[in-house]
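Protein chains in written order, with the numbering used here: chain S, 610 to 723; chain Z, 544 to 657.
Below: one structure, written as structure tokens.
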Amino acid sequence: DGGITQSPKYLFRKEGQNVTLSCEQNLNHDAMYWYRQDPGQGLRLIYYSQIVNDFQKGDIAEGYSVSREKKESFPLTVTSAQKNPTAFYLCASSTRGATNEKLFFGSGTQLSVL
Amino acid sequence: AQSVTQPDIHITVSEGASLELRCNYSYGATPYLFWYVQSPGQGLQLLLKYFSGDTLVQGIKGFEAEFKRSQSSFNLRKPSVHWSDAAEYFCAVGSHNYGQNFVFGPGTRLSVLP
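Pasting the structure below:
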């Protein structure tokens, strides 16, 4: 079955540590996104990529980094510079990256700080 | 810039009752409009979308939504709610302008009483 796989489901970060969240898709989609979800705030865009080896900052990119070396993969690193990383992180993809397209979502990663 | 408001943070209805979830948007032209549903700890799933044409759109799981330009609204409705409809619902707006991204509302949590 085609879809988006996020791992791990739960992740814990220690002070000063960088952690990486995995996102893989087998939908052959060009565009991939990372969203952060906090209670009562909806989804906020962290980074997005519309093509391999290219990505753009979203609304809340500070303290995060990404790479897009393969079409299928769009990992997100939460760096130590992100002072409030506890949140639910959602990866999504769409066919071309246009905003009249349906977004396909993974099942999310809950990141907590130890 | 576009924005989305969902005035109701939490709604509780009895099983079998009708449902209306409100969504208001701010955008200079006719936007692309979406409703997504999220079960706890999961990603989002598209319920329906509006791009143009008939202002009443049908979606999955018996949901429908009506676009009202004069009220800048895109309210989601269901005539008879099932217990499995308990979830969080997000309204989202897409821009016609290339390079801009989706904007999500803060969400409405739906509880269903037996």
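Glycine included, every Cβ here is placed at the ideal spot set by N, Cα and C.
According to DSSP, is residue i part of a helix, a strand, or is it coil?
| i | result |
| --- | --- |
| S654 of chain Z | strand |
| Q549 of chain Z | coil |
| R705 of chain S | coil |
| S676 of chain S | coil |
| K604 of chain Z | helix |
| S631 of chain S | strand |
| S682 of chain S | strand |
| S627 of chain Z | helix |
| I613 of chain S | strand |
| E671 of chain S | coil |
| F713 of chain S | strand |
| Q626 of chain S | coil |
| T695 of chain S | coil |
| L688 of chain S | One detail in the question is off: residue 688 of chain S reads as Thr in this sequence, not Leu. It is coil, neither helix nor strand. |
| A572 of chain Z | coil |
| A640 of chain S | strand |
Please classify residue i: is it buried, with 16 or more other beta-carbons within 10 angstroms of its beta-carbon, or exposed?
| i | result |
| --- | --- |
| Y657 of chain S | buried |
| P657 of chain Z | exposed |
| W626 of chain Z | exposed |
| T651 of chain Z | buried |
| T555 of chain Z | exposed |
| P550 of chain Z | exposed |
| Y644 of chain S | buried |
Between the Cα of residue i and the Cα atoms of the options, which residue gives the shortest distance?
| i | options | result |
| --- | --- | --- |
| T598 of chain Z | Z:L576, Z:V580 and Z:G571 | Z:L576 |
| E631 of chain Z | Z:H553, Z:V547, Z:T548 and Z:Q545 | Z:H553 |
| G602 of chain Z | Z:W578, Z:A629 and Z:V636 | Z:W578 |
| N635 of chain S | S:Q615, S:Q665, S:F621 and S:F664 | S:Q615 |
| F683 of chain S | S:H638, S:E624 and S:Q626 | S:H638 |
| V675 of chain S | S:S631, S:Q626 and S:T708 | S:S631 |
For residue i, which residues does DSSP report across the bridge?
| i | result |
| --- | --- |
| D663 of chain S | S:I660 |
| N567 of chain Z | Z:T548 and Z:S616 |
| V580 of chain Z | Z:Q588 and Z:Y632 |
| F645 of chain Z | Partner(s): none; F645 of chain Z has no beta bridge. |
| I655 of chain S | None; I655 of chain S has no bridge partner. |
| F610 of chain Z | Z:F617 |
Following a CB-centred definition, is residue i positioned closer than 7 Å to any heavy atom of the ligand NAD?
| i | result |
| --- | --- |
| G625 of chain S | Judged by which ligands are present, the structure shown has none, so any question about the ligand NAD falls away. |
Just to check my reading of the structure: residue i and residue j have Cβ atoms closer than 8 Å, yes? What is that Cβ distance to the nearest angstrom?
| i | j | result |
| --- | --- | --- |
| Y673 of chain S | I655 of chain S | 5 Å |
| F697 of chain S | I613 of chain S | With 8 Å as the limit, F697 of chain S and I613 of chain S do not qualify as a contact, their Cβ atoms being about 15 Å apart. |
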